[in-house]
Amino acid sequence: MIINHNLGAMNATRNMGINASTASKSMEKLSSGLRINKAGDDAAGLAISEKMRGQIRGLDQASANAQDGISMIGTGEGALNETTSILQRMRELAVQGSNDTNTTEDRTQIQKEMNQLTSETSRIGKTTQFNTQNLLDGSAGVVTAKAVVGATVAVQGVTTAATLAATDVVIDGKTFTYSAASADDGTGSNFKTKAGLIALVTADATLGAKYTATSTGTDLILTQKAGHESATAPTITGAGAVTTGTAGKVATFATTTAASSAFTFQIGANQSQTFTASFSDMRSSALGLAGTAGGAATGANGDVAGATYVATGTANDLSDTTTTGEHALDLSTSASSSAAIKVLDEATATVSGERAKLGAYSNRLDHTIANLGTSSENLTSAESRIRDVDMAKEMSTFSKNNILNQAAQAMLVQANQQPQQVLALLR
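Add 3 to the 1-based position in the sequence shown for the working numbering, that's all there is to it.
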């Protein structure tokens, strides 16, 4: 029996401290609802859990991004819905103007509405925005400028020395006549040599604006000029003329692609999990509804082949809402109104195709959002199993530790009473 060291009390105190610490940890877990409150609770589990939390928050934000993307796409498609309505009215006007029951005055009034509708189409294209970014004029996001696709040179055989005088040469409806008396000075419509024919083509107001004329061997070469690219081949008939596409002849003609804007949406939690939506230029000029001066060259500036446009004037001037110098489709005659119907049909098809594309984007993003929601839910469940505490199990542990702590306190009292027994030996 010793009194210098109360080993029983020491043992009881140590166990009571252990039980108190364990109970304190249980209270921390029960009060926070988390099994891991600090790295010391489970270092590996904490690292895994934090990585999962980053993924979950990323997935939730990606879902919000996709929702914003749908809103942007819906804004553009909604504007094009009105553009379609305008095109339908413009076509109705073109059909009306094609009827010769209309007088010149009647067609003037029809033209006024056509001008305003052309201006409104351009205004919609220029001013439709989402979060201050233009959607339908190819000027925001990642911009792809209007581009020329394909070759710009057309070669067709026209004349040989033996047959030069045999037949007149007709280029895009313009007739040039062989005459031995011609001065070949580029004036009038007569020529006697190929050089003279080239001079006439170059000097012609319409053809000279559209083509550069040169020759090689027995071929006349018409090269489309910049801004006048068209998929429509120049038509050439006359002595020795050949059909477009004949073996050995270059007969590829340029087409243009409209300018477009591309917007990239982050639709995943990780790098490069993106989706890109493009919006094409939907202004009047891009749709072929507006061109340069009255009687503009066919296919000029990317316009639909065959379009002609009204001349500048107070009633016809569109420069207030469109690019300076643009003019509306010409409905001043039955022929020009009839030609406008085809142009409007092609423009309507273009807008409908753009709307279908935007609708497909929107439907795709709907599925993206659904998938992101499922992924976030499953990952949250996995993270919960690592990070969250089992309340029932932890309460049981807490109760056990409380009982042990109370028992340790009782044993400490007993251990402190044992040295008192030494006093009985001293009596």
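Note that the Cβ used here is the ideal one computed from N, Cα and C, for glycine as well.
Considering Cα atoms alone, identify which of the options is closest to residue i.
i, options, result
"S64", "R38, A272 and Q91", "Note on residue identity: the sequence assigns Gln, not Ser, to residue 64. Answer by Cα proximity: A272."
"A265", "T78, L347, S399 and G141", "G141"
"S287", "Q276, E95, A261 and A280", "A261"
"K149", "A289, S29 and T106", "A289"
"K360", "N40, N404, D71 and L83", "L83"
"I344", "Q99, F133 and A363", "Q99"
"E95", "E85, M117 and Q269", "M117"
"G11", "S402, Q136, F179 and L415", "L415"
"D393", "L37, L223, A352 and T215", "L37"
"I270", "T25, L62, K54 and A427", "L62"
"S402", "I6, A23 and A427", "A23"
When DSSP labels each residue in this structure, what does residue i get in the three-state scheme?
i, result
"N137", "strand"
"K177", "strand"
"H8", "coil"
"N273", "coil"
"A186", "coil"
"S264", "strand"
"I224", "strand"
"G36", "coil"
"A15", "helix"
"Q423", "helix"
"A289", "coil"
"G251", "Confidence at G251 is low in this model, with a pLDDT of 42, below 50, so the placement of that residue should be treated as unreliable; the coordinate-derived value is given next. Here G251 sits in coil by DSSP."
Looking at the secondary structure, which residues open and close the beta strand (DSSP E) in which residue i lies?
i, result
"Y432", "Any answer about residue 432 is impossible in this case: the structure gives the chain only from 4 up to 430."
"S283", "T277 to S283"
"A216", "Y214 to T219"
"T147", "V145 to T147"
Looking at the secondary structure, which residues open and close the alpha helix (DSSP H) in which residue i lies?
i, result
"A202", "K197 to A206"
"S122", "T107 to T130"
"V346", "S337 to R390"
"T78", "A46 to G100"
"T400", "M394 to Q420"
Have a look at residue i and residue j and give me their C-alpha separation to the nearest angstrom.
i, j, result
"L292", "F282", "19 Å"
"S34", "E397", "11 Å"
"T16", "A413", "10 Å"
"S339", "T124", "20 Å"
"A212", "S192", "17 Å"
"D45", "N9", "37 Å"
"T279", "A42", "40 Å"
"S387", "D369", "27 Å"
"D187", "G199", "4 Å"
"M13", "R390", "37 Å"
"Q409", "L375", "51 Å"
"T336", "I89", "21 Å"
"A47", "Y364", "41 Å"
"T377", "T311", "55 Å"
"M30", "A411", "19 Å"
"D171", "R110", "37 Å"
"I127", "G144", "18 Å"
"I21", "I73", "58 Å"
"T196", "I174", "16 Å"
"S27", "N405", "10 Å"
"I224", "T178", "17 Å"
"A183", "G176", "23 Å"
"G356", "E349", "10 Å"
"L276", "S263", "Per the sequence shown, residue 276 should be read as Gln rather than Leu. Whole-angstrom Cα-Cα distance: 22 Å."
"N366", "Q112", "43 Å"
"K32", "A395", "11 Å"
"N7", "Q424", "14 Å"
"A69", "L49", "30 Å"
"I201", "A208", "13 Å"
If contact is defined by three or more beta carbon pairs under 8 Å, each pair taking one atom from either stretch, is the stretch 73-91 in contact with the stretch 415-422? no
request  = Indicate whether the contact test is met: 3 or more Cβ pairs, each with one atom in the stretch 331-349 and one in the stretch 114-121, closer than 8 Å.
outcome  = yes
Check your understanding: Should the stretch 97-114 be regarded as contacting the stretch 375-383, the criterion being three or more beta carbon pairs within less than 8 Å?
Key -> no
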